[in-house]
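Enquirer: Residue numbers (the numbering used here): 1334 to 1872.
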Amino acid sequence: MRKPTRLLSTLTGFALAAVVGVSLFGCNGGNDTYTDISKMTSVDDATYTNVAATVDGVEIKEADVTTMIENMRKDTDGNIFSDVEWAGKLQDAKTTPAQLREGVIRNTLSTPILILNDAAALGISPDESVIDEQITQSKNQTGDPKAWRDYLHGEGFATEKAYRTLLEAQNVFTQVVSNKFSLEPTEDETLEFISTYGSYFEGKRSSAIVFTLSDTLLIDEARTLANEALNRIKAGEDFDTVAADFASYASAKAQAALAADPTSKIADMGWMTSSSSTSDFPDAYKNALNSLEVGQVYDTIVESDTAVYVIKCTDSFHLNADGTANMDTMPADVHSKIMDYLAQNVSKSRAEEYITNLTSDDTRIVINDMPAGLPYDSTMQLITDDVAGTGAEVKSGDTIRVTYVGTLDDGTVFDQSANHDGYMEFTVGSGQMIKGFDEDVVGMKVGGQRTIIIPPSKGYGSEASGAIPANSTLHFTIQLLSVNGDITGAESIISSLGLDFSNLTPTSTGDGSTDSSSNSSATDTSATDASSNGTSNTN
């Protein structure tokens, strides 16, 4: 069995899963609720029997939503993230608990219900025998009823019925889409596809008489035989006829093909395109073929580490100068391959369009307000601007100077810039700092003061570092003194700290920003030990 899914963002919800055929968190097609609410949270049980949403008249309970999101709040070992870690996950996903809840309802829980209702309206039914077999296989893999329940809950399914609903929706999905949409590509879609992906199909097709080197066919004999074959072709004999005469020297695969079908073109090597690897066509082979026009035979034998070849170019396909292609004149097999890929692309596009329409239909999905007190409802602010700056704004790649004070949860100061040169200088995004510090200064403006809370995953993790215990949440208060040498907006702060920045001159970087040309004596955070500088980079 695979590990339970641990995902935060709902962007990979049913919409994508149904399109590409992978499984996802889970769903509930009825009114079933989580069977052991008391283990989920201390919130009153009544909260979980509330209706979170109504989908085509079917009620989705708050327990169903919470079951799924609680699963997202666990790490791969099954441990619930701390409040700070969870807030950090939400921050990384650029979402809020309310948005996450709505995404789960729309993209995951509602979609199977809507698909099955659409299928029923079209007279399409899921193949229950296939569903039964899938569930039986999953149960057999888990081993016993408790393990099966644990697996379902670990995947975000409140009940087995929820799991079945998902499988049924996936079973009928393609039929529903094909009934609601034409899967024939339009002319515009065809042109766009060729313009975007046509270059992958460009290349040349070849035939080759192959003398595969072995213990019984050494290089000198292979050269002699290859030259004999080449000379016969130059003398006017048919290429395929000569190839058949030397079939016993070809690869075992080619010999097997000839044995199965004596009329098969044993010499055909297929298409060589930009995606062909060296294992498909050695470099010497590629170079020779690229020099040939259709119908030409390379005038010398070609050697690689494993074989000797006589090569003929049999076909060619290239896009027009403007990136288009003549569909009527392109080789039949290339045309067939392009149309196969195009059909897949169109099918995926139609499926995505269908899902988008489903999940945005407020006449079918009615979501109630989010109740207070749910366990995943984090209101923690990990970034607070205490003072809004007025100067230059920090972006990745800037060189900045800051003051900072770092404390632990209990208020213990583990490091501060006052213990060093009074400030610290580093390049944002360069990896000089721990991840949380590096990320959270972005957006500050010179003269501003920001308080940040950094979860262990963006700090020092499970390792202790100097005065910082393992698994510590770090708190920093930061003042921004300069960006690329520009101190405008922080003059009074710099003066009050008694710092001398007279040698710090803004220097243009060529993109309208500035860069510092001074040789600062600020702490080198990439080399400073964490015991003396809590913000040094974790290696």
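Built from N, CA and C at the ideal position, the CB exists for glycine as well.
Counting only the same chain and skipping the five closest in sequence on each side, list residues whose C-beta sits under 8 Å from that of Ser1795.
Expert: Taken in chain order, the residues that qualify are Pro1789, Ala1803, Asn1804.
Enquirer: Would you kindly report the start and end of the unbroken alpha helix (DSSP H) that includes Ile1552?
Expert: Where Ile1552 is concerned, the enclosing alpha helix (DSSP H) stretches over 1552-1567.
Enquirer: Under 7 Å Cβ to Cβ from Gly1390, same chain only, skipping five residues before and after it: list those, please.
Expert: If we look at Gly1390 and ignore the five residues flanking it on each side, it has no Cβ neighbours.
Enquirer: Less than 8 Å between the C-beta atoms of Leu1433 and Ile1393, yes or no?
Expert: For Leu1433 and Ile1393, no; Cβs fall outside 8 Å.
Enquirer: Give the straight-line distance between the Cα atoms of Gly1724 and Asp1613, rounded to the nearest whole angstrom.
Expert: Computed Cα separation, rounded: 59 Å.
Enquirer: Using the three-state DSSP reduction, which class does His1808 fall into: helix, strand or coil?
Expert: Strand, per DSSP.
Enquirer: Which residues does DSSP list as the beta-bridge partners of Glu1636?
Expert: Per DSSP, Val1641.
Enquirer: Near Asn1364, which residues of its chain fall below 6 Å by C-beta distance, leaving aside the five closest residues on each side in sequence?
Expert: A caution first: Asn1364 carries a pLDDT of 33, below 50, which makes its placement in the model unreliable, though a value can still be read off. Once the five neighbours on either side are set aside, the close Cβ partners of Asn1364 are Glu1392.
Enquirer: How is Ser1415 classed by DSSP in three states: helix, strand or coil?
Expert: Three-state result, Ser1415: coil.
Enquirer: Kindly indicate the opening and closing residues of the alpha helix (DSSP H) around Thr1574.
Expert: Segment 1572-1578, the alpha helix (DSSP H) holding Thr1574.
Enquirer: Residues in its own chain within less than 8 Å of Glu1686 by CB, not counting five upstream and five downstream?
Expert: Only Phe1514 meet the Cβ criterion.
Enquirer: Which value, in whole angstroms, describes the spacing of the CA atoms of Glu1461 and Asp1573?
Expert: For Glu1461 and Asp1573, the distance between alpha carbons rounds to 53 Å.
Enquirer: Under 8 Å, do Phe1526 and Phe1650 count as touching if we go by C-beta distance?
Expert: No, these two residues do not count as a Cβ contact at 8 Å.
Enquirer: For Gly1764, does the count of other Cβ atoms within 10 angstroms reach 16, so buried, or fall short, so exposed?
Expert: Looking at its Cβ environment, which holds fewer than 16 other Cβ atoms inside 10 Å, Gly1764 is exposed.
Enquirer: Measure the C-alpha to C-alpha separation of Asn1659 and Glu1520 and round it to an integer number of angstroms.
Expert: In a straight line, the C-alpha of Asn1659 is about 13 Å away from that of Glu1520.
Enquirer: Would you mind sorting Gln1812 into buried or exposed? The rule is 16 or more other CB atoms within 10 Å of its CB.
Expert: Result: buried.
Enquirer: Identify the continuous alpha helix (DSSP H) that holds Gly1799 and give its terminal residues.
Expert: Unbroken run through Gly1799: none, as it is neither H nor E.
Enquirer: DSSP state of Met1401, grouped into three classes?
Expert: Helix at Met1401.
Enquirer: Would you say Gly1781 and Ala1684 are within 8 Å of each other, going by their C-beta atoms?
Expert: No, the Cβ-Cβ distance between Gly1781 and Ala1684 is not below 8 Å.
Enquirer: My output table needs one value for Ala1779: the three-state DSSP class, helix, strand or coil.
Expert: It should be pointed out that residue 1779 corresponds to Val in this sequence rather than to Ala. Val1779: coil per DSSP, three-state reduction.
Enquirer: Check each candidate in Val1735, Ser1825, Leu1551, Leu1524 and name the one with the smallest Cα separation from Thr1810.
Expert: Of the listed residues, the one whose Cα sits closest to Thr1810 is Val1735.
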